[in-house]
Every structure is written in C-alpha cells, then in structure tokens.
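Following: one structure in structure tokens, then a few remarks.
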Amino acid sequence: MGEYFTALLEERKARPKDDLMSALIEVEESGDRISEAEVVSTVILLFAAGMETTQNLIGNGLGALFAHPDQMELLWNNQEYVESAVEEMLRWDSPVQLDGRTALEDTEIPDLKLPKGSQIVTLIGAANRDPARFTNPDDFQIQRNEGQPLSFASGIHYCLGANLARTEGQEMFDGLIRRFKTIEQAGDLKQRGRLTLRGYEAVPVKVTSR
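Per this note's numbering, residue 876 is the first one in the sequence shown, and the count goes up by one each step.
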C-alpha cells in the first residue's frame, strides 16, 4: 500500500488533480509543515480508517450472524435491533484488534510496572471480551445492552469516525434486511491473517429476495 501511494504522490506532483493527494502535496510544497512521508502515511491512514474498518465491521458482522443462526433469525424478524446488533458486532469481533500507547508517567497496573516512556500494545479484542465488563462475553447476543465496547478506543484517542462507521454499519444491515428475505453463507470465510486489522478476504453469500 505504501508503494502504491508513493507512486501516486509522484504522479500527482507531476500532474495535480482536484483530489486529496494533490491538496496534501500543495500543503507540503507551500511550507515546511508536512513531508512527503507524512503525506503518504496520512493518505494510508484515511484509506484504512475510512474504508477497511467499515468493510471489516460488515464482513465480521455477517460472519458472526452465520455462526449464530438464532441471532440472525432474531435480527431479520426484529429490524429494530439493528443498532444494538451493530454494537455487538463491534464488540464480539472488532475490526481493529490492537493499538499502541506510550506511558506518559510511571504507571502500575496489577502485576506490572510501566516506567515512563514504555511502549504499550493494547488488545482491543481482549478488552471487549472482559468478563468483568460484559456478561458471558464470549456469547454473541444482538440484544446486549451493556454500554459501548472499546472498538473505537476512548478518551483523546476516541475514533473521530466512530459515528460514521456505526451509521454505515446500521444502514448496511438495515438495507440487507429490507431487501433480502434470507442471506446464507455460500463458501468458506478466510481471514486475511493480519495482526491489527481483522477481517475476511471475502464473504460469499446466497440471498433470497423479498
């Protein structure tokens, strides 16, 4: 992905267009505020955050429903559960599984001391299965009402696109329920095998129109 956007950057530098990459290049060339490497990393971040995470939310959500046909039947017969179902999809199989943090001061948590400056990996998927936070956390329950999961992080790190992602997920499943009487898995679901972003290479389905 880095190679692709680096090549695109060079192309846009030679032939600018009315797009985000060209606008970022203009910022880079007008002052010393953003480097070419920062332009590329910014575009990659926007691409991943704006497309792949929502794509994974939808794919992981369908995978969860296929694995729990009782919950799929419940959702298809009760469209008003879409909002809580999307929250449960985010919790049960989060599109982003881990994130990084830096300890700003000496910190101690149970059984672990973190000196100031320590680099930390936070496991979002594990936090969303915390039995101290969620009842029967390994169960997929679309009617669960125990507050928001940590799929979009929290505090100053809270995802700016969280509301958009939720809306996109809700609109997608609303549309599927309205349009299709049934939707079934039509092939194996293969994970992409990434450490941070969790999703399927493809979600083959067979549908019956209403």
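Heads up, the beta-carbon is just placed ideally off N, CA and C, and yes, glycines get one too.
- [ ] Using 10 angstroms around the beta-carbon of G936, count the other beta-carbons present and answer buried if the total reaches 16, otherwise exposed.
- [x] buried
- [ ] Less than 8 Å between the CB atoms is what I'm expecting for T1093 and Q972, so what's the real figure, rounded?
- [x] A query on residue 1093 cannot be resolved here, the shown segment of the chain reaching from 876 to 1085 and no further.
- [ ] Tell me, to the nearest whole angstrom, how far the beta carbon of I1017 is from that of E963; I am working on the premise that it is less than 8 Å.
- [x] 5 Å
Task: Alpha carbon of A1061 to alpha carbon of K1081, nearest angstrom - done: 6 Å
Task: Beta-carbon proximity list for A1037, same chain, < 8 Å, skipping 5 on both sides - done: F1027
Task: Cross-strand partners of L1072 (DSSP beta bridge) - done: V971
Task: With 16 other Cβ atoms within 10 Å as the buried cut-off, status of G934 - done: buried
TODO: Can you give me the Cβ contacts of V915 inside the same chain, cut-off strictly under 8 Å, excluding the 5 residues immediately before and after it?
DONE: G877, F880, T881 and L884
Open item on the list: According to DSSP, simplified to helix, strand and coil, what is K892?
Closed with: coil
Open item on the list: Would P1024 and L965 qualify as a contact pair, given that the criterion is a beta-carbon distance under 7 Å?
Closed with: yes
Task: 8 Å contact criterion, which G992 and T977 should meet: CB distance rounded - done: 7 Å
- [ ] Determine the contact status of T997 and L989, defining contact as a CB-CB distance below 7 Å.
- [x] no
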